[in-house]
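Visitor: One structure is given below, represented as structure tokens, and several questions about it will come after.
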């Protein structure tokens, strides 16, 4: 019945419906997902990774600095317009509005995120140095969306492989191209490493700098080394193996990763290219704290929550009353 219905539809309807779903239900919410039937797909990807049920081969994996902005400008242009300025400003109220709307569903539609979860996200990503700094508010929304959808799932993926004893080579791409055509405030976007991995800077018509050309060659060497040997450091030259010893293996204990910036071109600067993490605290929030918080508060109704808040308020007032009463009794007992 389902196949018959699908075959009667025009192909153009599917992307239209997919896009309209995004508008209504939020970014990165997918209307068509795989069904865990227990036969073809025996368990969910999350369960499979928890149980270490995956092919145990070396992986090269990583993320970019600003994973969220690329998607925000398409889906929420009112708050994230394509203006070619150096910075983007969001007021405190706009920041809070973004948290409410961008994280309406968790982890995916149609499961709504309860108020406990939204409050936790708001707290985690509020720029507490100055909650009314509009540039920091805009950056925080980008980071929150990017961490949830890209950075922290990637970290979790890398962690599972590392726990299984599989070599993991993790990177963090941090370089904004001088030939970038997106607004400067968008930063280092999702997918920005692709141009360098596939050698676009070597095209003289693209106007990349000399150091960016060398940077691109370096990344191409890493990627091709990994494709050939399973190790980005291991290079075959005239049938002989040469080791670069530049990219450390990512482990749960040390969490070392390679910071992909033009600094890796210069041997004397390589000590500045190894990072720890990345985003350990934020990803502990998404991968550990928030799932447990949502689970533990799943049966807590809004009425019950309101009652608990009022009870806590009453309890505080009652404690203050007791202190005042005891102080009064002591005062009375001391009267001659």
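Numbering (our numbering), first residue to last: 2 to 337. Cβ atoms here follow ideal geometry from the backbone N, Cα and C, with glycine treated the same way. Every value quoted in this text rests on a predicted model; they were computed, and no experiment measured them.
(1) Just mark residue 47 as buried or exposed, buried being the case when its beta carbon has 16 or more other beta carbons within 10 Å.
(2) Please tell me whether residue 174 has its Cβ less than 9 Å away from any Cβ of chain D.
(3) Pull up the distance between the alpha-carbon of residue 130 and that of residue 136, whole angstroms please.
(4) With C-beta atoms as the reference, is residue 181 less than 9 Å away from residue 261?
(5) I want to know whether the segment 82-89 touches the segment 192-210 - three or more CB-CB distances under 8 Å.
(6) Counting only runs that start and end within the segment 103-183, where is the beta strand (DSSP E) found for 3 or more residues in a row?
(7) Got a sec? Which residues, its chain only, sit under 8 Å from residue 115 by beta carbon, not counting five neighbours each side?
(8) Using C-beta distances below 6 Å, list every residue in its chain close to residue 53, excluding the 5 sequence neighbours before and after it, in chain order.
(9) Using the Cβ count rule (16 or more neighbours within 10 Å means buried), how would you classify residue 144?
(10) Please report the distance separating the alpha-carbon of residue 281 from that of residue 255.
(11) First and last residue of the beta strand (DSSP E) that includes residue 258?
(12) Name the one or two DSSP bridge partners that residue 48 has.
(13) Measuring alpha carbon to alpha carbon, tell me which residue in 100, 213, 68, 226 is nearest residue 190.
(14) Since residue 194 contacts residue 51 with CB under 8 Å, what's their CB separation in whole angstroms?
(15) From this set, 37, 73, 122, 127, which residue's C-alpha is nearest residue 92's C-alpha?
(16) Here's the rule: buried if 16 or more other CB atoms are within 10 angstroms of the residue's CB, otherwise exposed. What is residue 152?
(17) Between residue 272 and residue 111, what straight-line distance do the alpha-carbon atoms span, to the nearest angstrom?
(18) Take the Cβ of residue 179 as the centre, count every other Cβ of all protein chains shown within 10 Å, and call the residue buried at 16 or more, exposed below.
(19) List the DSSP bridge partners of residue 65.
(20) Taking only three categories from DSSP, how would you classify residue 281?
(21) Can you tell me the Cα-Cα spacing of residue 98 and residue 264, whole angstroms?
(22) Measure the alpha-carbon distance for residue 218 versus residue 205 and round it to whole angstroms.
(23) Using the C-alpha atoms, what's the distance from residue 142 back to residue 132?
(24) Going straight from the alpha carbon of residue 340 to that of residue 237, what length do you get?
(25) I'd like the list of long-range same chain contacts for residue 157, defined as Cβ closer than 6 Å, with 5 residues on each side in sequence excluded.
(26) Is the distance from the Cβ of residue 223 to the Cβ of residue 61 below 9 Å?
Guide: Quick look at the numbers:
(1) On the chain shown, residue 47 is found 46 positions in, with the first residue counted as 1. Counting Cβ neighbours within 10 Å, residue 47 comes out exposed, since fewer than 16 surround it.
(2) Of the protein chains in the structure, only one exists, and it is not chain D.
(3) Your numbering for residue 130 matches position 129 in the chain shown. Your numbering for residue 136 matches position 135 in the chain shown. One C-alpha to the other measures close to 12 Å.
(4) What you label residue 181 is simply residue 180 of the chain shown in a count that begins at 1. What you label residue 261 is simply residue 260 of the chain shown in a count that begins at 1. Result no, Cβ atoms of residue 181 and residue 261 do not sit closer than 9 Å.
(5) no
(6) 169-174
(7) Counted from its first residue, the chain shown places residue 115 at position 114. 295, 298, 299, 301.
(8) Counted from its first residue, the chain shown places residue 53 at position 52. These residues qualify, in order along the chain: 165.
(9) Here residue 144 is taken as the residue at index 143 of the chain shown, counted from 1. The residue in question, residue 144, is buried, as its Cβ has 16 or more Cβ neighbours within 10 Å.
(10) Looking up residue 281 in the chain shown gives position 280. Looking up residue 255 in the chain shown gives position 254. Rounded to the nearest angstrom, the two C-alpha atoms are 11 Å apart.
(11) As a first step, residue 258 is located in the chain shown; it is residue number 257 there, counting from the start. 257-261 is the extent of the beta strand (DSSP E) around residue 258.
(12) On the chain shown, residue 48 is found 47 positions in, with the first residue counted as 1. DSSP output for residue 48 lists no bridge partner at all.
(13) Position 189 of the chain shown, counting from 1, holds the residue named residue 190. Nearest of 100, 213, 68, 226 to residue 190, Cα basis: 68.
(14) Taking the chain shown and counting its residues from 1, one reaches residue 194 at position 193. Taking the chain shown and counting its residues from 1, one reaches residue 51 at position 50. Wrong, their Cβ atoms sit about 29 Å apart, outside the cutoff.
(15) The count along the chain shown starts at 1 and reaches residue 92 at position 91. Of the candidates 37, 73, 122, 127, the one whose C-alpha sits nearest the C-alpha of residue 92 is 127.
(16) As a first step, residue 152 must be located in the chain shown, where it is residue number 151. Buried: at least 16 other Cβ atoms inside 10 Å.
(17) Residue mapping note: residue 272 aligns to position 271 of the chain shown, counting from 1. Residue mapping note: residue 111 aligns to position 110 of the chain shown, counting from 1. Each residue's alpha carbon lies about 46 Å from the other.
(18) For the purposes of this step, residue 179 is taken as the residue at position 178 of the chain shown. Burial call: exposed.
(19) In the chain shown, residue 65 corresponds to position 64, counting from 1. DSSP, once it has assigned bridges, lists 174 as partnering residue 65.
(20) Walking along the chain shown from the start, residue 281 turns up at place 280. In the structure shown, residue 281 sits in a helix (DSSP, three-state: H, G or I).
(21) Translated into positions along the chain shown, residue 98 becomes position 97. Translated into positions along the chain shown, residue 264 becomes position 263. Rounded to whole angstroms, residue 98 to residue 264 spans 39 Å at the Cα level.
(22) Sequence index remark: in the chain shown, residue 218 carries index 217 (1-based). Sequence index remark: in the chain shown, residue 205 carries index 204 (1-based). Roughly 14 Å between the two C-alpha positions.
(23) Numbered from 1 along the chain shown, position 131 holds the residue referred to as residue 132. Numbered from 1 along the chain shown, position 141 holds the residue referred to as residue 142. C-alpha separation (whole angstroms): 12 Å.
(24) Absent from the model: residue 340. The displayed extent of the chain is 2 to 337, so no value can be given.
(25) Along the chain shown, one-based indexing puts residue 157 at 156. The residues are 288.
(26) Taking the chain shown and counting its residues from 1, the one referred to as residue 223 is at position 222. Taking the chain shown and counting its residues from 1, the one referred to as residue 61 is at position 60. Their beta carbons are under 9 Å apart, which means residue 223 touches residue 61 by this criterion.
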